[in-house]
Structure formats: C-alpha cells, structure tokens
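Residue numbers (the numbering used here): 2 to 234.
The C-beta atom is built at its ideal place from N, Cα and C for all residues, glycine as well.
This structure is a prediction, so every number in the text was calculated from the model and none was measured.
Structure first, commentary second.
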Amino acid sequence: MDPVTAAPPADWPTTEAQARAVQDALRTRVILDEDGPPPGQGLVAGVDVAYDDERDLVVAAAVVLDAGTLEVAEESTAVARISFPYVPGLLAFREIPAVLAALGALRTPPDLVVCDGYGRAHPRRFGLAAHLGVLTGLPSLGVAKNPFTFSYEDPAAARGSVAALVDGGEEVGRAVRTQDGVKPVFVSTGHRVSLANACAHTLALSPHYRLPETTRRADSLCRRALTQVLASS
DNA sequence: GCGACAG
DNA sequence: ATCTTGTCGC
C-alpha cells in the first residue's frame with residue numbers, strides 16, 4: 002500500500018513555548034480512570050516513525066495486530082515533512098502529523114495504540130502516547146527503550162518483574178522486564194488505560210523479544226517505507 | 001551556570 | 001533517530 006501524504010494543521014506550533022502551551026492545554030483532556038481493553042483481545046496498533054533529515058521527511062507506520070494471535074491484521078504508512086525539531090519533552094510535535102495520517106488510513110480503528118516513547122512519564126505528564134490518545138480518543142500507552150530522566154530500581158531478573166518509574170516522588174510509569182535477564186522497557190499510560198493494564202499489554206505483546214511485537218513490526222515497516230520513498234523520488 | 005535529555 | 005560488518009554466544 003502506498004503511503005498517504007500528511008500535512009500538519011495550520012495552527013501547528015512553531016516555537017517551543019507554543020508547543021509547551023499546547024501540551025498544557027491538552028493534558029487536561031487525558032482520561033486516567035479507565036482500565037482500557039483487556040490484554041490478549043481485540044486489535045492493537047503499533048506506531049513508529051523513521052526520519053530522513055537530509056530530505057526533511059518523516060515516514061510513519063501503523064501495524065495492527067490481532068492481540069490474541071499477534072498476527073498482522075492491517076498495515077498503513079504515511080509521509081510528511083518534518084514539522085518540528087527534536088527537543089526532549091516535545092517529541093510528539095515531530096511525529097504526530099505523520100502518525101495520525103497513518104492511523105487514519107486504517108480501515109478499522111484499533112482498540113489500543115502502542116507508541117514508541119512515553120505517555121504520562123513526561124516532564125509535563127503529556128508525552129507522545131498521551132498526546133496521540135487525546136487527539137484520536139483511542140486508548141493508548143507508551144513503551145520506551147530508555148529511562149529518560151526518570152529514576153527506577155532495577156526489576157528482578159525474571160520476565161514479568163516490574164519496578165516503579167519515579168519522577169518527583171510520583172510513579173509515572175514502570176520498568177518492565179519483558180525477557181529474562183534483558184534490560185527492561187519503560188511503560189507509561191497514555192490515555193484511557195491503567196498503568197497495570199499497560200504493563201500487562203506490554204508483556205502480552207512481548208512473548209519472544211524485549212520490545213512488543215507492535216513496535217517491532219511498526220519499526221521495520223516505517224524503515225522499509227522510507228527506503229521506498231527515497232528510491233522513488 | 002552546566003549537563004542531561006523519549007525518538 | 002541515524003551512521004554501520006563482523007562477531008561472540010546460545
């Protein structure tokens with residue numbers, strides 16, 4: 002399937018101050034008191050992006066898996082101009098236009114969206130997963146590969162072990178060991194999903210590798226799509 | 001003030 | 001994120 006083309010909204014922020022103001026306004030819409038869909042059922046979408054800084058391009062992929070079998074149900078991709086520089090804490094403004102377009106190109110909306118990065122674990126409690134959840138209305142969570150600026154105790158070595166991810170004395174996420182003896186991933190809630198459920202989803206989606214199948218699939222798809230785009234221009 | 005900092 | 005081959009180990 003060819004990538005759809007995306008453009009940011011006319012009022013997309015230009016400065017860091019504007020972007021932080023958008024986060025402060027939208028964060029009030031995050032829903033934290035829902036458990037979210039049950040792990041192992043329904044459709045789960047993984048989203049990720051790949052960049053070409055030279056050509057100022059970002060390619061997003063959405064891969065929908067059957068949560069029970071982890072088989073691919075549907076895939077989509079989208080291309081956009083890079084709409085914001087990378088600034089820690091403002092990652093969403095770089096990725097969201099392309100990701101929204103990829104999600105919008107799906108025939109069936111998923112029951113849950115799994116993002117690369119953070120949700121509630123964020124300086125202003127409004128990382129990529131929370132932002133995407135609010136804009137789509139879909140339950141969402143974030144799985145990051147690094148602890149960012151947060152602190153945590155190393156979880157026990159066994160798969161399934163968890164430890165709190167702490168920011169200013171508050172548990173903003175969890176370090177989750179998805180494979181025996183392998184570095185944990187860092188899970189936080191996005192929108193309409195509890196932290197416990199977010200961790201359960203992450204484990205259910207990671208039977209064989211450190212990262213969830215959703216993000217592995219989305220990562221490889223957006224890289225392939227970027228290569229395609231570059232080859233055909 | 002300086003350094004660190006999701007992707 | 002991205003630049004990048006072989007290589008150590010199960």
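{"Asked": "Give the straight-line distance between the Cα atoms of V5 and R108, rounded to the nearest whole angstrom.", "Found": "13 Å"}
{"Asked": "Measuring CB to CB, does V100 end up less than 8 Å from V48?", "Found": "yes"}
{"Asked": "Could you pull out every unbroken beta strand (DSSP E) segment of at least 3 residues lying fully inside the segment 124-196, listed in chain order?", "Found": "141-145, 163-168, 171-177, 186-192"}
{"Asked": "Assuming L113 contacts P140 (C-beta within less than 8 Å), just tell me the rounded distance between them.", "Found": "5 Å"}
{"Asked": "What's the gap between the Cα of G191 and the Cα of L91?", "Found": "15 Å"}
{"Asked": "By Cβ distance, which residues of its chain are closer than 8 Å to A158, with the 5 residues on each side in sequence left out?", "Found": "R178, D181, G182"}
{"Asked": "Just to confirm, is the Cβ distance from L248 to F187 under 8 Å?", "Found": "Since the first and last residues shown for the chain are 2 and 234, residue 248 lies out of range."}
{"Asked": "Tell me which same chain residues have a C-beta within less than 7 Å of the C-beta of L222, skipping the five on either side of it?", "Found": "A62, V64, E76, T78"}
{"Asked": "List the DSSP bridge partners of T6.", "Found": "V80"}
{"Asked": "Which one or two residues does DSSP pair with V73 in a beta bridge?", "Found": "L66"}
{"Asked": "Go ahead and pull the three-state DSSP assignment for L222.", "Found": "helix"}
{"Asked": "Name the residue from S195, T215, Q229 whose alpha carbon lies nearest to the alpha carbon of G37.", "Found": "S195"}
{"Asked": "To test your reading of the DSSP string, which unbroken alpha helix (DSSP H) runs of 4 or more residues are found completely within the segment 76-122?", "Found": "93-105"}
{"Asked": "For N147, does the count of other Cβ atoms within 10 angstroms reach 16, so buried, or fall short, so exposed?", "Found": "exposed"}
{"Asked": "Let me know the secondary structure DSSP gives L58 once reduced to three states.", "Found": "strand"}
{"Asked": "Check each candidate in S84, L71, D34 and name the one with the smallest Cα separation from A11.", "Found": "S84"}
{"Asked": "Let's test the definition: count the other Cβ atoms within 10 Å of the Cβ of R175 and tell me whether it reaches 16, buried, or not, exposed.", "Found": "buried"}
{"Asked": "Which residues in the same chain as L27 place their Cβ atom closer than 6 Å to its Cβ, once the five residues preceding and following it in sequence are excluded?", "Found": "V135"}
{"Asked": "As a quick exercise: from A122, A199, T70, pick the residue whose alpha carbon is nearest that of P208.", "Found": "T70"}
{"Asked": "Quick check: F94 and A122, are their CB atoms within less than 8 Å of each other?", "Found": "no"}
{"Asked": "Kindly indicate which three-state DSSP category V31 falls into: helix, strand or coil?", "Found": "coil"}
{"Asked": "Among E17, W13, L142, G128, which residue has its Cα nearest to the Cα of T216?", "Found": "L142"}
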